[in-house]
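Student: I have a structure I would like to understand better, so I am pasting it below and will then ask my questions one at a time.
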Amino acid sequence: MTLIHRMVLKQLPGPFLGWLLLLLFLLLMQFLIKFLPDLTGRDLPIGLILELITYNLAYMVVLAVPMSALLATLMVFGSLAESRTWIVIRNCGITLWSFTWPVLAAAALLSCGMMYFNNVLLPESNFRALSMWQTIRSARPGFELEPGIFYQEIDEYSILVGQREGNLLYDILIYDYTQGIANGSTIRAKHGELIPRGNFLDMILKEGEMHRLYRPTGVQTIERYEKLTFERFRLRLDLSELGLQTNAQTSGYRSDRSTPVNRMFEIVDSLKDRLVEQTAELQNSMPRPLSSEAPSTISPMSPERETSSPFVFHGGPPQVDSTAPRSVLKGLTTDQIRRTYQQARDYGRDARSSVASRGRNLRQTAMTISRYQVEIHKKYSISIACFIFVLVGIPLGLSVRRGGLGTACLLAVGIFIFYWVTLVQGEKLADRELLSPWLGMWCANMLIGAVGIWLFIRVTLDMRARPGYATKPEPIDS
185 MTLIHRMVLK QLPGPFLGWL LLLLFLLLMQ FLIKFLPDLT GRDLPIGLIL
235 ELITYNLAYM VVLAVPMSAL LATLMVFGSL AESRTWIVIR NCGITLWSFT
285 WPVLAAAALL SCGMMYFNNV LLPESNFRAL SMWQTIRSAR PGFELEPGIF
335 YQEIDEYSIL VGQREGNLLY DILIYDYTQG IANGSTIRAK HGELIPRGNF
385 LDMILKEGEM HRLYRPTGVQ TIERYEKLTF ERFRLRLDLS ELGLQTNAQT
435 SGYRSDRSTP VNRMFEIVDS LKDRLVEQTA ELQNSMPRPL SSEAPSTISP
485 MSPERETSSP FVFHGGPPQV DSTAPRSVLK GLTTDQIRRT YQQARDYGRD
535 ARSSVASRGR NLRQTAMTIS RYQVEIHKKY SISIACFIFV LVGIPLGLSV
585 RRGGLGTACL LAVGIFIFYW VTLVQGEKLA DRELLSPWLG MWCANMLIGA
635 VGIWLFIRVT LDMRARPGYA TKPEPIDS
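Structure follows, in structure tokens:
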């Protein structure tokens with residue numbers, strides 16, 4: 185490694201870390217704007233909130249690192265071209281590859297580090313963040329109560345508040361069905377307060393009324409309207425059942441985004457085995473024709489084949505005279521023939537229902553396999569994006585000859601938006617089995633990588649780095 189290589193490598197960490205911190209700050213502000221109002225005023229410890237933010241920083245790092253690498257590369261190499269340093273290096277006979285291979289090696293190491301981060305640290309952070317969200321919602325169920333929206337998560341109650349300031353509520357409307365819908369009561373109050381008490385939540389209502397149309401049990405014709413005015417009324421809500429709804433998450437359940445890659449490979453293998461078994465069960469459940477030679481209408485699906493359709497049809501349906509010869513009905517009475525036809529119709533209806541049910545199970549299994557495969561390819565493709573962005577940023581920075589902040593931001597934002605939109609759309613198409621999982625996740629990398637290779641070759645051949653494609657060296661300003 186020469187002095188020139190050390191010079192370039194020393195210039196990259198500063199812009200990279202600066203952009204990384206700035207992007208993390210912007211993403212963190214977006215997270216706080218979205219979720220902090222739901223967390224404040226719930227008596228949550230500051231340490232718990234900071235821990236939740238720390239776990240959510242993982243996905244922010246995944247977004248910020250490739251973008252920072254692209255911005256830093258554009259700024260450094262753009263400034264080298266703008267200051268004519270690249271002209272001096274080129275006129276000394278140093279090729280672009282000889283000049284930039286340490287940068288590409290550093291980008292490859294960065295991609296390897298992101299692979300480890302995406303495969304190991306990111307799933308664990310997502311799992312803990314999800315578990316913590318569920319714990320917060322279980323421990324502080326009042327957190328879900330939003331102004332202007334009926335809250336119906338508590339059985340036999342429907343709650344609406346006009347305004348909320350922390351645990352203080354205003355303009356309260358409650359429908360109470362604890363005595364049944366027929367004897368339901370309506371409670372109105374001007375203001376109130378929430379007081380959490382473990383698995384219970386006390387709602388202290390003030391200056392309100394309770395209305396009820398009372399119908400005695402067993403008497404259909406007698407109704408009595410009741411009205412109760414109160415200055416202070418305590419309504420205790422049982423929240424224990426709300427906590428049970430989160431047990432599946434807090435007890436170890438992991439979605440595809442919170443599962444390590446090695447575990448997802450095992451899940452995909454087991455799902456493929458299940459797909460083969462379900463295909464065999466579907467073939468065995470098909471009704472057998474009465475003729476000695478069954479028509480070929482269904483072809484078995486090989487275990488290696490991945491398709492959204494659980495079975496493939498060839499040709500048209502079999503002819504009736506070939507599958508149900510009259511010799512089978514010969515010698516039967518009219519009533520027996522009628523009963524035989526009825527049984528055949530019932531059997532055909534049941535068989536069709538069974539085939540449809542098994543077909544849905546097959547399709548669901550195939551879609552689950554695609555979803556896990558998409559997530560596996562996604563973790564690797566985003567990691568490789570760091571190298572791809574550096575590969576694009578080097579020749580692009582030398583070509584535009586601008587190392588300023590505005591030019592770098594404009595180019596980086598355009599490239600990153602194209603990359604992210606392509607990645608998201610590819611993920612959606614792959615989840616719906618309209619596109620192969622590997623193609624949906626690697627399409628953006630292949631497109632931008634192809635552009636980067638073309639730009640690299642173009643600058644190497646000096647087709648863009650020198651105005652007018654001159655063949656003699658440019659003079660250097662003194």
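Quick note: the sequence shown uses the numbering used here, first residue 185, plus one each step. All C-beta atoms in this analysis are idealised placements derived from N, C-alpha and C, irrespective of residue type, glycine included. Predicted, not measured: the structure shown is a model, and the values here were computed from it.
Could you compute how far the alpha carbon of Gly202 sits from the alpha carbon of Arg555?
Tutor: Near 35 Å, if we compare the C-alpha coordinates of Arg555 and Gly202.
Student: Decide yes or no for the touch test of the region 188-208 against the region 248-266: beta carbon pairs closer than 8 Å, at least 3 of them.
Tutor: These segments touch.
Student: Which runs of the beta strand (DSSP E) spanning at least 3 residues fall entirely within the region 335-418, listed in chain order?
Tutor: As far as the region 335-418 is concerned, its whole beta strand (DSSP E) runs of at least 3 residues are 341-349, 352-360, 369-381 and 384-398.
Student: Name the residue from Asn468, Leu353, Leu459 and Val192 whose alpha carbon lies nearest to the alpha carbon of Met259.
Tutor: For the residues Asn468, Leu353, Leu459 and Val192, the minimum Cα distance to Met259 belongs to Val192.
Student: Going by other Cβ atoms of all chains shown within 10 Å of its Cβ, with 16 needed for buried, is Leu293 buried or exposed?
Tutor: Exposed, since its Cβ has fewer than 16 Cβ neighbours within 10 Å.
Student: Which residue's Cα is closest to the Cα of Ala596: Asp422, Ile572 and Leu255?
Tutor: Of Asp422, Ile572 and Leu255, the residue nearest in Cα terms is Leu255.
Student: Evaluate Pro197 with the Cβ neighbour count: other Cβ atoms within 10 Å of its Cβ, from every protein chain shown; 16 or more gives buried, anything less gives exposed.
Tutor: Flag for Pro197 reads exposed.
Student: First and last residue of the alpha helix (DSSP H) that includes Ser295?
Tutor: Taken as a continuous stretch (DSSP letters only), the alpha helix (DSSP H) holding Ser295 covers Leu280 to Tyr300.
Student: Among Ile356, Gln318 and Phe384, which has the Cα closest to the Cα of Ile338?
Tutor: Closest option to Ile338, Cα to Cα, is Phe384.
Student: Rounded to the nearest angstrom, what separates Thr186 and Gln195 at their Cα positions?
Tutor: Distance between the alpha carbons of Thr186 and Gln195 is about 15 Å.
Student: Going by DSSP, what residues sit across from Arg420 in a beta bridge?
Tutor: The partner list for Arg420 (beta bridge, DSSP) reads Asp386.
Student: Look at the Cβ atom of Val539, then the Cβ atom of Leu459, and state whether they are nearer than 9 Å.
Tutor: Going by C-beta atoms, Val539 is not nearer than 9 Å to Leu459.
Student: My guess is that Glu235 and Met299 are in contact by the Cβ rule of under 8 Å, so how many angstroms apart are they, rounded?
Tutor: So it is not a contact: roughly 26 Å between Cβ atoms.
Student: Spatial neighbours of Ile278 within its chain, please: C-beta separation below 8 Å, excluding the five flanking residues on both sides.
Tutor: Cβ within range, chain order: Ile188.
Student: Is DSSP giving Thr186 helix, strand or coil here?
Tutor: Coil, per DSSP.
Student: What residue from Asp534, Tyr243 and Leu378 has the CA that sits closest to Phe301's CA?
Tutor: Here the closest residue by C-alpha is Tyr243.
Student: Quick check: the region 558-574 against the region 260-276, are there 3 or more CB pairs under 8 Å?
Tutor: Cβ pair count under 8 Å is below three, so no.
Student: In angstroms with no decimal places, state the Cα-to-Cα distance between Tyr531 and Val608.
Tutor: Tyr531 and Val608: Cα-Cα distance of roughly 46 Å.
Student: Taking the straight line between their C-alpha atoms, what separation do you get for Thr257 and Cys627?
Tutor: Cα-Cα distance, rounded: 23 Å.
Student: Sorted by chain position, which residues of the same chain lie with C-beta nearer than 6 Å to Leu264's C-beta, five sequence neighbours on each side aside?
Tutor: Around Leu264: Trp270.
Student: Look at the Cβ atom of Ile443, then the Cβ atom of Pro621, and state whether they are nearer than 9 Å.
Tutor: As written in the sequence, residue 443 is Thr, which differs from the Ile given in the question. For Thr443 and Pro621, no; Cβs fall outside 9 Å.
Student: On the DSSP letters alone, give me the boundaries of the alpha helix (DSSP H) that Pro579 sits inside.
Tutor: Pro579 -> alpha helix (DSSP H) spans Thr518 to Val584.
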